[in-house]
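Enquirer:
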Amino acid sequence: MINIKVNSYSYKVPRLIEIDSKNYEYQEHLGKGGNSSVECYLDSGSGDEYAFKIIPLEDYNKFHRREAKRAVTELKLLKALNHEHIIKFYGYKRINIIRQYRGENHTVEALLISMEKADCSLKDYICNNKVDYSEYSGQLVGLAKALNQINSYAIHRDLKPENILVVDTKWVISDFGLGFMLDGSSPDITNEGKAIGPRYWLSPESFSRYINIDEHRKDISFNSDIYQMCSIFWFIVNRKHPSGILSSSDFIGPNKLFEPIIKGLQHDASRRYVSTAEFAQTLEECIYEV
190 MINIKVNSYS YKVPRLIEID SKNYEYQEHL GKGGNSSVEC YLDSGSGDEY AFKIIPLEDY
250 NKFHRREAKR AVTELKLLKA LNHEHIIKFY GYKRINIIRQ YRGENHTVEA LLISMEKADC
310 SLKDYICNNK VDYSEYSGQL VGLAKALNQI NSYAIHRDLK PENILVVDTK WVISDFGLGF
370 MLDGSSPDIT NEGKAIGPRY WLSPESFSRY INIDEHRKDI SFNSDIYQMC SIFWFIVNRK
430 HPSGILSSSD FIGPNKLFEP IIKGLQHDAS RRYVSTAEFA QTLEECIYEV
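Each number in my numbering comes from the position in the sequence shown (counting from 1) with 189 added on.
1) Kindly indicate the opening and closing residues of the beta strand (DSSP E) around THR296.
2) Can you give me the start and stop residues for the beta strand (DSSP E) that VAL355 sits inside?
3) By DSSP, does GLY453 sit in helix, in strand, or in coil?
4) Would you list, in sequence order, the uninterrupted beta strand (DSSP E) runs of no fewer than 3 residues that lie entirely inside the region 257-343?
5) Would you be able to state if there are at least three C-beta pairs under 8 angstroms between the region 341-350 and the region 259-275?
6) Given this structure, state the Cα-to-Cα distance separating LEU311 from VAL330, to the nearest angstrom.
7) Taking just the CA atoms, how far does ASN285 sit from VAL261?
8) Quick one, which of ALA466, SER397, ASN444 and TYR462 has its alpha-carbon nearest TYR322's?
9) Counting pairs of beta carbons, one from the region 351-368 and one from the region 211-227, are three or more of them closer than 8 angstroms?
10) Taking LEU391 and ILE276 to be in contact with their CB atoms under 8 angstroms, please state how far apart those CB atoms are, rounded to whole angstroms.
11) For ASP232, which beta-bridge partners are listed by DSSP?
12) Between the Cα of PHE241 and those of GLY234, LYS334, SER464 and SER226, spot the shortest distance and give me the residue it belongs to.
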């Protein structure tokens, strides 16, 4: 058994896991999310490595029941999506794990989601490498198109450089744990006074959830995803966070990219794009000059 920690709880997870008659062996810890732990497992037959996201499905209290519903929502979204710039989903399995609490062991169910294993996060890649226009331009178009597909099903709400992963030569969107399904099947995690999304990369309307004023209690829409993605694009191009009042003099990339990105960073969501499709098309036309 291996030890993982999720939401301050300690669990024991099998070192060897069988899925569809294939045997997988634990290799290393990859990371963690708000309701999960991500581990690397090796297919003992092929030698390929996979990222197993392990999400406890507890019914201990209201918080745990909500987190379990989030896991089901994430799985539903992963099964619907198919794009080269979205993390590849290979399958899932319900497994038994052991929760350790006050010296006692309790068997609980967990959802295991199998995905492709990334090389690193985009944050680490940008910080440790010099990335020029010839490398990032096509990736920006691919990510914008991937976001358009996501927004046809859900609002991601947790876009940040850490949740965009580098897999070989592709940059892919991952981590749909905060996704809000447009069909209304997502659990309610938008309490008053709570910001939903990534610290430092929140849209203005997401930040406004901290403010207890009626006109700021608004739903987070696709435009929030566009803002967060454009914040990431600014970071990629300029190697700095888009804080403060921005102007073209702050932009070190090609001039033609400034307007498409700054439009997505408008404080008022109504001044951004009318749809994610328009955002992706505008960026593509700008980069490929069609």
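By construction, the Cβ of each residue, glycine as well, lies at the ideal position given by its N, Cα and C atoms. Bear in mind the structure is a predicted one, so any value in this text is a computation, not a measurement.
Expert: In short, the structure shows the following:
1) 293-305
2) 353-356
3) helix
4) 278-290 and 293-305
5) yes
6) 15 angstroms
7) 16 angstroms
8) ASN444
9) yes
10) Contact doesn't hold; Cβ gap of about 22 angstroms is too wide.
11) TYR213
12) SER226
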